[in-house]
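Residue numbers (my numbering), protein chains in the order written: chain Y, 18 to 499; chain D, 18 to 499.
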């Protein structure tokens, strides 16, 4: 302890420069600083190493991200060529810079995001350029004194209005970037109009360099391993559905199994958390997806908004599974005999529910109307009804089983305290909770079924080959029945 | 029907240009087009009107957004002055444009976001500029043939690497904008280095104009009605806590009240949805808050991350309240007599739980350690224990009450079907669900208590004046006990 304190003291005295009070003769001030530096370097190297390791894992997990980086490098190198080649350079002069800037700013991971930015940038530049030139002409007429005032006021007004428009949700979702570019271009045109005489030429330059940049971005992003926001959203919803099914399965298995839990099961059970947290990702992807042209199995007007509804209904299920999960991990549990009694019925109900979810996941993946979803929903509902019936008949049988018939009942009726048989409801309670949550989850899966059916209708999914869609069967009634 | 079909037909024929088949003599093709145009205009006017109405509501709801717009206009007008004033213009030449661009791109709603972008922009520009000039000097040495190749490869490599770094979560959270500006500046310096001889001067120009732009933004954003991301996060968490309390209160009141529901109550009950959806907002605010200097009651190193933990624990509660809400709105309910029996105990437990939440909300708002939170938590736990006890004693009393003693029990024990007394558990079930969810919510409120206590410890909240903090009381144990 004393040694520690003295070394700290020595350190404090050494730093200002004095070396007269060094207590350990074998290491001087330089040595100390060297050790300190080595420590710092070590920490930095370690941190950089961790970031690199992290980066490596990200690259291995999704090689498309690496490809995206190569695409950005490629697009920038190509656009630099415009600059290096003298004839092109002479055409555009110093404005070739705008093409480089456009590529850097506009190139995004998904095709949809790139389209969104490109279209916004081109339209906003055009509008703001036209408006800026118009106002400039008006200002020109009103003399040198008024000109800066008119320009200043117009910049103030339009910039404020465009900034405010970014707060309106519907504008923000579609034209946020456009509003920013509008302000930028309008200010630049107004401001430089004061100096640069060839305003039309400047506007023309800027538009054509931006056109070069955007078309290059669109070409590169679409030709080399395109990442479609729509596909991503589609896969995300599909994966979330599978994760939810797995997680529900994991919870029920965990609850009713007899031996100790495994690591795999624990991991599987956590899948619902992804569903809970994917709202922001879904929304941004749906926003970008609507800018994408027809690709693969998706049309230009694919009902992307319906995916958000499916996502919401999945999250609805996930809330319940979250509660179920906390029931399962709670320490107070129903006695094993009771659990065993319910095990079969619960496993049946849950497996039918999971079947429905898996069938929906297949419907989404294949984009074909499922021929037997109605049957599966009916099976699920039937199993849930059976489970509810079992719950209805529970208190009598259990009451008899644990308290051994009439005498005990009498004793309880007379309010005898301290009876050695605990009151049944508290034993049944955890099980009742689990079962009622399972029933609730099945109801909410009904909501998912309806959302997926609506998607199938809106996107005109074809019927699957291995059967006919049974449209006349009253499934919606069945789903909302319980 | 026939009329409709013919008018549709006429329309189709008219549009290509022919007027020979017009069925209604009083309106020619021009008239039709005029009607169509009027219709289109009407729709556009209506849409614009709705957007404006929307904008008006947004402005009224949060006047700071309007102030933000004025601030942006102001900053842009000021920066335009640099351009209009000849002496300054002559110093910076065409590069004054960079100052305008910086203001447009960097000025954000909150001070934190503006700082984040300013600092990222300045550092990234400096780093990329230095690196670009360095590589340019190396390329210069290797002859005219190799120079474009070296520059092209370096652009490719650095752009790819910087793009990839944006996929690493820790980098993305802090330096996403910086990485983009790094790519931008590096490409511009490399590319323009090929032509412009005065590379150092260009770099210097860009740095100084960016410095002017960023310092102007920081001044304007901090001096006129600053919106601090930290304060926003603080208020959001505080509001969410209140909303959660209100929504829990609303649910329980709605369930146990006897007369019809009111609109106010319904609205109050929906508060938990805000909590469920505020994750993204919390995260972005926490990200920005850490860039902010000391302001008001918040230090530079205020533990913003702990707010995220409080937010997560609040969402944890909200999941349960969501399930509770769906229990309440379900059609199958426990009989009124039963509900009345439990009403008092449930209301007591919920009001104590709500008290705890409200006390926590006050702790957060005042940033003072609460003197009686431990007592309130103990009260809540006691009320919950009472509720659980009531539930334990429920089946016996209720069983006797509904089935009238031994005979019925016997009949049930013998498996007689079709008895006119429904089995008790199905009657009790909805109530049991509600009560067990209330118990679960109380447990999760315990999680919120712990998170807020941790915040009070990290941020060194002072004790409230009206009492002493009772640190020795074993609250954590109490909280995790039930």
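Just so you know, even glycine gets a beta-carbon here, dropped at the ideal spot from N, CA and C.
Please read these numbers as outputs of a predicted model, since none were measured by experiment.
Cβ-Cβ distance between residue i and residue j below 8 angstroms
i                      : j                      : result
residue 217 of chain Y : residue 145 of chain Y : no
residue 272 of chain D : residue 338 of chain D : no
residue 457 of chain Y : residue 238 of chain D : no
residue 180 of chain D : residue 85 of chain Y  : yes
residue 115 of chain D : residue 200 of chain D : no
residue 371 of chain Y : residue 465 of chain Y : no
residue 97 of chain Y  : residue 208 of chain D : yes
residue 369 of chain Y : residue 335 of chain Y : no
residue 223 of chain Y : residue 311 of chain Y : no
residue 245 of chain D : residue 129 of chain D : yes
residue 156 of chain D : residue 168 of chain D : yes
residue 303 of chain Y : residue 250 of chain Y : yes
residue 449 of chain Y : residue 363 of chain Y : no
residue 187 of chain Y : residue 253 of chain Y : no
For residue j and residue i, the rounded distance between their alpha carbons
i                      : j                      : result
residue 481 of chain D : residue 459 of chain D : 25 angstroms
residue 476 of chain Y : residue 314 of chain Y : 10 angstroms
residue 257 of chain D : residue 297 of chain D : 14 angstroms
residue 94 of chain Y  : residue 301 of chain Y : 29 angstroms
residue 80 of chain D  : residue 292 of chain Y : 35 angstroms
residue 193 of chain Y : residue 389 of chain D : 47 angstroms
residue 165 of chain D : residue 219 of chain D : 20 angstroms
residue 387 of chain Y : residue 377 of chain Y : 8 angstroms
residue 309 of chain D : residue 153 of chain Y : 39 angstroms
residue 397 of chain Y : residue 391 of chain D : 47 angstroms
residue 264 of chain Y : residue 49 of chain Y  : 55 angstroms
residue 138 of chain Y : residue 233 of chain Y : 14 angstroms
residue 119 of chain D : residue 189 of chain Y : 21 angstroms
residue 287 of chain D : residue 241 of chain Y : 47 angstroms
residue 42 of chain Y  : residue 65 of chain Y  : Because the pLDDT of residue 42 of chain Y is 48, which lies under 50, any placement of that residue in the model is unreliable, and the number read from its coordinates should be weighed accordingly. Between residue 42 of chain Y and residue 65 of chain Y, the C-alpha separation is close to 35 angstroms.
residue 235 of chain D : residue 248 of chain D : 17 angstroms
residue 283 of chain Y : residue 267 of chain Y : 7 angstroms
residue 123 of chain D : residue 135 of chain D : 6 angstroms
residue 274 of chain Y : residue 406 of chain Y : 22 angstroms
residue 261 of chain D : residue 375 of chain D : 9 angstroms
residue 149 of chain D : residue 182 of chain D : 19 angstroms
residue 472 of chain Y : residue 259 of chain Y : 18 angstroms
residue 333 of chain Y : residue 461 of chain Y : 7 angstroms
Interface flag, residue i vs chain D, CB-CB below 8 angstroms
i                      : result
residue 165 of chain Y : yes
residue 97 of chain Y  : yes
residue 169 of chain Y : yes
residue 324 of chain Y : no
residue 268 of chain Y : no
residue 90 of chain Y  : yes
residue 480 of chain Y : no
residue 299 of chain Y : no
residue 137 of chain Y : no
residue 119 of chain Y : no
CB contact check: residue i to chain Y, cutoff 8 angstroms
i                      : result
residue 294 of chain D : yes
residue 450 of chain D : yes
residue 462 of chain D : no
residue 157 of chain D : no
residue 289 of chain D : no
residue 437 of chain D : Because residue 437 of chain D carries a pLDDT of 38, less than 50, the predicted location of this residue cannot be relied on, and no value is offered for it.
residue 82 of chain D  : yes
residue 377 of chain D : no
residue 279 of chain D : no
residue 339 of chain D : yes
Burial state of residue i (16 or more Cβ within 10 Å)
i                      : result
residue 319 of chain Y : buried
residue 354 of chain D : exposed
residue 60 of chain D  : exposed
residue 367 of chain Y : buried
Any chain A beta carbon closer than 8 angstroms to residue i
i                      : result
residue 226 of chain D : Absent from the structure: chain A. Protein chains present are Y and D.
What are the uninterrupted segments assigned as alpha helix (DSSP H) that are 4 or more residues long and contained completely in the stretch 251-295 of chain D, given in chain order? Those alpha helix (DSSP H) runs which fall completely within the stretch 251-295 of chain D and span 4+ residues are 280-286, 288-294.
Runs of beta strand (DSSP E) lying entirely within the stretch 358-392 of chain D, each at least 3 residues, in chain order: If only uninterrupted beta strand (DSSP E) runs of at least 3 residues are considered, none is enclosed by the stretch 358-392 of chain D.
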